[in-house]
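Q: The structure that follows is given in the form of structure tokens.
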Amino acid sequence: MPRSMVGSGIFLSSSHEGRGSLPYCPLHRYLPPPWRETNLGHRKSASPDLRKMFRPGRENHQTEPREVSASNAVKLSNKLKATLKKKYQSPPGGETEHPFYIHCDLQYPPGESGEVNQHEYIQIKPTFRKTHQWRCSPLSLYFDSELDDERVRIALTKGVSGIGKTSQVRMIILNWAEGKVNQECPLIFPLPFRELNLLKERLSLIELLYKFFPELKEPGISNLENFRVGFILDGLDEFRRPLDFKNSPIVTDLTEPSSVPALLTNLINGNLLPFAAHIWITSRPEAVHHIPLQYINEVTEIEGFTDSQKEEFFRRAIIHTDQANAIIHHLKYSKSFYVLCQIPIICSISASVLVRQTWLSGKEYDPGALTPMYTDLLALLQTRDQNTQKMAIKLGELAFKQLVKGNTVFYEEDLRECNINCDEGSEFAKVSIPIFREDIGLQQKKIYYFGHTTIQDFFAAMWFNRSCNSLDENLRNAVDMALQSKNGKLDLFLRFLLSISQSFIQSIAEAGYNSSETLTETVEYIKKKVMENPASPRTLNLLNCLTELGDSSLEIDGVSFLKTGIPPDAKYPRAHWSDLAAVLVASESGPIAMLGLEVKKRGDKELLRMLPVIKASQTATLSYHKLTEKSCECLASALTSKVSNLKTLDLSFNTLMDSGVQLLVAGLAKPHCQLEGLKLSGCRVKQDGFAALAKALKSNPSHLLELDLSGNEPGESGVFYLVDGLKVVNCKLQILKLSNCKLGLELSRALAVLLIDNPRHLRELDVSMNDLGDRGVELLMDILKSTQIYKLELYCCQLTEKCCENMFRCLVNIPSLRELNLSNNNLKDEGVKMLCNAFGLPACQLEKLNVASCGITLVRGLHFNSILKELDISRNHLGDSDDWADVLFCLSSLETLRVSDCKLTEKCCGELVKALSSNLTNLKELDLSGNDLGDRGVKTLYVGLTFRCCTLERLFLRCCGITAEGCSSLALALKSSCSKITELGLMGNDTGEEGLRILSGIRDDPHYKLQTLELVWIRWPDSSR
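Residue numbers (UniProt numbering): 1 to 1025.
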């Protein structure tokens, strides 16, 4: 990978196959690859072709391109490359080269982001990232011949301050100038906005380019419309003049003079160089709205470091491993600080301060937050330069005045306004690179900026605190100023100010002065402002300010209201408390894993109050919540909300009916809906509801992966409507549940239609408790052969032994099938014996089989393969038999065995003990409930439970005729050092108080591992109890 010096020490590279290790550049997307398809379909070599340096004329373009000298084109391109190479080989702002390089991913978001209404520091606080679904090789997004025809004209890359936008730009330009990328484009002009601010006069576009690149005057660039021309406009947020796309004068001639903003707007909207220019713009998120979205074809976002990349950064920056480990450990405990370290420049500053302070103090140093770290950074600089303190005060005034104006880049006149001599500023920039920097711009004019915007916020707060006359009044004024800022530009300034003020208050309190009133008044004032308008974008920052001041009472009150629905303070209306609760939910560090309302708070009204929480949840379990169609419209809005995290919605057993489902699926049809799981079991949905759902699935089929419609009555028409929606090409449904829908053969026919048209994705099918019969299963099995079905539920489908031949073919011909439930069907011994024949064939890969209540009476006919992990043969009258040994011998991989209610006695326990000591060494769960084992059977089992090779963790012996004597045997087993049992079920046994005393008396034993003991429903000997 090419190594070059960049501003923030962040390097972006790609391992795009066949292209080498090159940095990502949006210009790749709209510049051609170095080869074209010939008539023979072969790819030509990437040798330079001068003809590719000129744009071909368009058929609808009225004028033919002018003749341009090829030699002049090469001369012009070479001169530009030489100029840029010389300029960008040197690091900006006096930085030295970083000794290491870390790749930083780009996020490729679908659609556009909304308006930024809060400080980017708050934006960067931990949120549930969804970027994994868009992350790909940055180069592959743009460097693709098939995409070249899409004519992407303008790309915009956004990212918070310090994330690496300018660094990326510098590296792209340097790689182009060195001949490593995009050689088909002869001209790429970087025009930083911070330098465009220096141009006040009226210029033509050609004259503007000569200002930046005077070396190009001799060849001349008056014929730009015949070239492929790239413009890189870096730092839109630093431009001080408005871009007026509505009222700006139209400029189409390259030689026509106009103002710089007018030239930029005409270049962006296509009046200038409509077919030749390709533009890449970088910006902080807060300034993106300055360019209308209609002109932007592609948006990317720089994410910054992941947690693993942060660790890699610190381990490479800090030589001593133990010191690096200690610092990373401390940073992880400071959650907000650690999150902010995804900005590379913050990582760099943190490493410098932490290492220095640890060395000075001789012990581990933990700043905990930005304020003490920046204070320590300033103190470190003061040890090097005695004038640091005086200069810091002047810089504080500069920081505050420019922060109010929204400026992050300063010029000589800005410094003079704050009585800072330019030479003085330059000298300070040399010794304090992390804090203050200097660049040389156009015509050797100096440009100044802070190392990061948070440093500017810190200096502004420090100066504001120092310049105040009355501390409490000063803090209230700062709160009001922050509330009035439109884009949250003063949010972090306010938090720094409160943190600094709190330190000052504590210091004067230690000196004997009473300052508690000031702190209390400030807290109450912020609370008042929050509750006056809790829905304001500033609310979250004010809550963070309260946390800075050590008061979380308002947040506690909001959470209390969220849980109880009762306003903690009647002084403010209920609506304001609801808004506050919504803000608290939205500010969580990640989406709520699962939501379910308490029983006493269920109903349509409570659901409306909890809507913000539902949006913040990944899974909303709202089954049995007494909801009606009234809730469905607001739930639809939650599904389509851009801020919704909802992935699974369970509305089972609510009276929604067709009308409710029709309202709900209106949200499911919207493109913003990302719902993956929808459960509407037992919601009284009929034909019309199924039809509405099918229509929605056709509109937005790609996201839904699970659909549960069990317990409804769609009828034949309804189920065919549903299939019509599911068989569209983009539908990727993996789990479909239609149990207990009062359907018969028509369900099998409908599913056959679905699986013929879309057989690839379905993994789980549940059609239990429908009257399919043997004919319906035969039809279904013929179609399932072409699928990748993993789990099949055919519980209680009126099947007989006649269907088992088809089931045999199913087990053999569908190697993907792992789970099969045939319980509660009248298969009998002959049918199950036929199924067991499949287990001897290698094509059968079944791991879970349920044949409970299937009318089996003979143990002899049962034989299974060694890969079976779960077997349920409960509720079959098998009884004790010598053949149990053969059955258990084959089950070497078995993890769960259920043989409840099988007419077993203590005689079978001996065979179980032998199996536990030999081949059943993987068994984790054993259910023998409902069998007459008695105390003697339990005593026999005790021996097996104490074998060292026994891995049993869950044992269920409900209703087995066990008394206190049996409990003594179980207690001995639980005390054994070999016992691994964590769950024991003994419900329905006559253990009495003595048994309870025996089992509870061993809890202090060091080998006791039991976590769950079921003793409910004990039949006490004394009937009076």
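Virtual Cβ for every residue (Gly too), placed ideally from N, Cα, C.
1) Do the region 316 to 332 and the region 200 to 211 meet, that is, are 3 or more Cβ pairs less than 8 Å apart?
2) So is K571 buried or exposed if we call it buried at 16+ other beta carbons inside 10 Å?
3) Pick from Q309, E303, N266 and L952: whose alpha carbon is nearest that of V291?
4) What do you reckon, are the CB atoms on C741 and S710 nearer than 8 Å?
5) Could you pull out every residue in the same chain whose Cβ sits closer than 8 Å to the Cβ of C797, ignoring the five residues on either side in sequence?
6) May I have the straight-line CA-CA distance separating G230 from I279, to the nearest angstrom?
7) Quick check on L293: buried or exposed, where buried means 16 or more other Cβ atoms within 10 Å of its Cβ?
8) Check whether the Cβ atoms of L780 and L736 lie closer than 8 Å to each other.
9) Which of helix, strand or coil does DSSP assign to D990?
10) What are the residues that DSSP puts in a beta bridge with D932?
11) Could you tell me whether the Cβ atoms of I867 and V899 are closer together than 8 Å?
12) Does the region 809 to 823 come close enough to the region 842 to 849 that 3 or more CB-CB pairs lie under 8 Å?
13) Anyone know if the C-beta pair for F193 and L236 falls short of 8 Å?
14) I'd like the list of long-range same chain contacts for L611, defined as Cβ closer than 7 Å, with 5 residues on each side in sequence excluded.
15) Could you say which of E301, F313 and E184 lies nearest to V160 if we only look at CA atoms?
16) Helix or strand or just coil, what does DSSP make of K869?
17) In this structure, how does DSSP classify P537 when only helix, strand and coil are distinguished?
18) Contact defined as beta carbons within less than 8 Å: I believe V169 pairs with T282. What is the distance between those atoms, to the nearest angstrom?
19) Tell me, please, which residues DSSP counts as bridged to T282.
20) Can you tell me which residues form a DSSP beta bridge with P815?
21) Thinking C-alpha only, which one of N223, T306 and L751 is nearest D782?
22) Have a look at E286, P214, K785 and L849 and flag the residue whose alpha-carbon is nearest the alpha-carbon of L891.
23) Short check: CB of N541 to CB of A482, under 8 Å?
24) Assuming the contact rule is C-beta atoms closer than 8 Å, C632 and L656 should be a hit. Round their C-beta distance to whole Å, please.
25) Quick one: Cα of D1005 to Cα of E965, how far?
26) Would you kindly work out how many angstroms separate the C-alpha atoms of K1009 and D927, rounded to a whole number?
27) What did DSSP end up calling Q618 once you bin it into helix, strand or coil?
28) How about V409 and E238: do their beta carbons lie closer than 8 Å?
29) Do you know whose CA, among A666, S652 and V685, lies nearest residue 1081's CA?
30) Could you please give the first and the last residue of the uninterrupted alpha helix (DSSP H) stretch that includes R898?
31) Using the C-alpha atoms, what's the distance from N407 back to A460?
32) Could you name the residues that DSSP lists as bridge partners for L984?
33) Where does N931 land, buried or exposed, given buried means 16+ other C-beta within 10 angstroms?
34) Just list the residues that DSSP pairs T300 with in beta bridges.
35) Do T921 and C949 have their CB atoms nearer than 8 Å?
36) Tell me which residue opens and which closes the beta strand (DSSP E) that N850 is part of.
A: The relevant details are as follows:
1) no
2) For the purposes of this step, residue 571 is taken as residue 571 along the sequence shown, with counting starting at 1. Exposed, since its Cβ has fewer than 16 Cβ neighbours within 10 Å.
3) Position 291 of the sequence shown holds residue 291. In the sequence as presented, Val is not what sits at residue 291; that position holds Ile. The shortest Cα separation from I291 among Q309, E303, N266 and L952 belongs to N266.
4) Stepping through the sequence shown from its first residue, residue 741 is reached at position 741. Stepping through the sequence shown from its first residue, residue 710 is reached at position 710. It is a contact, given that the beta carbons lie within the stated cut-off.
5) Within the sequence shown, numbered from 1, the residue matching residue 797 stands at position 797. Leaving aside the five residues that flank C797 on each side, the residues in its chain whose CB is nearer than 8 Å to its CB run, in chain order, V767, S768, M769, N770, D771, L772, G773, G776, V777 and N825.
6) Residue numbering aside, residue 230 sits at position 230 when the sequence shown is read from its first letter. Residue numbering aside, residue 279 sits at position 279 when the sequence shown is read from its first letter. Cα to Cα, G230 sits roughly 6 Å from I279.
7) Here the question's residue 293 lines up with position 293 in the sequence shown. So L293 ends up on the exposed side.
8) Residue 780 sits at position 780 when you count from the first residue of the sequence shown. Residue 736 sits at position 736 when you count from the first residue of the sequence shown. No. Outside cutoff.
9) By 1-based counting over the sequence shown, the position of residue 990 is 990. Coil at D990, not helix or strand.
10) Looking up residue 932 in the sequence shown gives position 932. Bridge partners of D932 according to DSSP: T905.
11) The sequence position of residue 867 within the sequence shown is 867, counting from 1. The sequence position of residue 899 within the sequence shown is 899, counting from 1. Result no, Cβ atoms of I867 and V899 do not sit closer than 8 Å.
12) Contact between the region 842 to 849 and the region 809 to 823 is established, with three or more Cβ pairs separated by less than 8 Å.
13) Taking the first residue of the sequence shown as position 1, residue 193 is located at position 193. Taking the first residue of the sequence shown as position 1, residue 236 is located at position 236. Taking 8 Å as the Cβ cut-off, F193 and L236 qualify as a contacting pair.
14) As a working mapping, residue 611 is identified with position 611 in the sequence shown. Counting only Cβ-Cβ distances below 7 Å, and skipping sequence neighbours, we find C634 and A638.
15) Along the sequence shown, read from residue 1 onward, the residue named residue 160 stands at position 160. Considering only alpha carbons, the answer is E301.
16) By 1-based counting over the sequence shown, the position of residue 869 is 869. Collapsing the DSSP output to three states places K869 in coil.
17) As a working note, residue 537 is residue 537 in the sequence shown. In this structure, P537 counts as coil in the three-state DSSP scheme.
18) Locating residue 169 in the sequence shown gives position 169, where the first residue counts as 1. Locating residue 282 in the sequence shown gives position 282, where the first residue counts as 1. At roughly 6 Å, the Cβ-Cβ gap stays under 8 Å, so V169 and T282 are in contact.
19) If you number the sequence shown from 1, residue 282 lands on position 282. Paired residues: T157.
20) Here the question's residue 815 lines up with position 815 in the sequence shown. Answer is none; P815 lacks a bridge partner.
21) One-based indexing of the sequence shown puts residue 782 at position 782. For the residues N223, T306 and L751, the minimum Cα distance to D782 belongs to L751.
22) Working through the sequence shown from its first residue, we reach residue 891 at position 891. It is L849.
23) Residue mapping note: residue 541 aligns to position 541 of the sequence shown, counting from 1. Residue mapping note: residue 482 aligns to position 482 of the sequence shown, counting from 1. It is a contact, given that the beta carbons lie within the stated cut-off.
24) The count along the sequence shown starts at 1 and reaches residue 632 at position 632. The count along the sequence shown starts at 1 and reaches residue 656 at position 656. Contact holds; Cβ gap of about 6 Å.
25) Position 1005 of the sequence shown, counted from the first residue, corresponds to residue 1005. Position 965 of the sequence shown, counted from the first residue, corresponds to residue 965. Distance between the alpha carbons of D1005 and E965: 20 Å.
26) The residue you call residue 1009 lines up with position 1009 of the sequence shown. The residue you call residue 927 lines up with position 927 of the sequence shown. Each residue's Cα considered, the two are about 19 Å apart.
27) As a first step, residue 618 must be located in the sequence shown, where it is residue number 618. When DSSP states are grouped into helix, strand and coil, Q618 belongs to the strand group.
28) Start at 1 with the first residue of the sequence shown, and residue 409 comes out as number 409. Start at 1 with the first residue of the sequence shown, and residue 238 comes out as number 238. A contact, by the Cβ cut-off of 8 Å.
29) Nothing about residue 1081 can be read from this structure; the chain reaches only from 1 to 1025.
30) Here residue 898 refers to the residue found at position 898 of the sequence shown. Unbroken run through R898 is the beta strand (DSSP E), T896 to R898; no alpha helix (DSSP H).
31) The count along the sequence shown starts at 1 and reaches residue 460 at position 460. The count along the sequence shown starts at 1 and reaches residue 407 at position 407. C-alpha separation (whole angstroms): 12 Å.
32) On the sequence shown, position 984 is the one that residue 984 refers to. In DSSP, L984 forms a bridge with L955 and L1013.
33) Walking along the sequence shown from the start, residue 931 turns up at place 931. With 16 or more other Cβ atoms from the protein chains shown falling within 10 Å of its own Cβ, N931 counts as buried.
34) Here residue 300 corresponds to residue number 300 of the sequence shown, with the count starting at 1. Looking at the DSSP assignment, T300 forms a beta bridge with T157.
35) By one-based count along the sequence shown, residue 921 stands at place 921. By one-based count along the sequence shown, residue 949 stands at place 949. Cβ atoms of T921 and C949: closer than 8 Å.
36) Sequence index remark: in the sequence shown, residue 850 carries index 850 (1-based). Note, N850: beta strand (DSSP E), K848 to N850.
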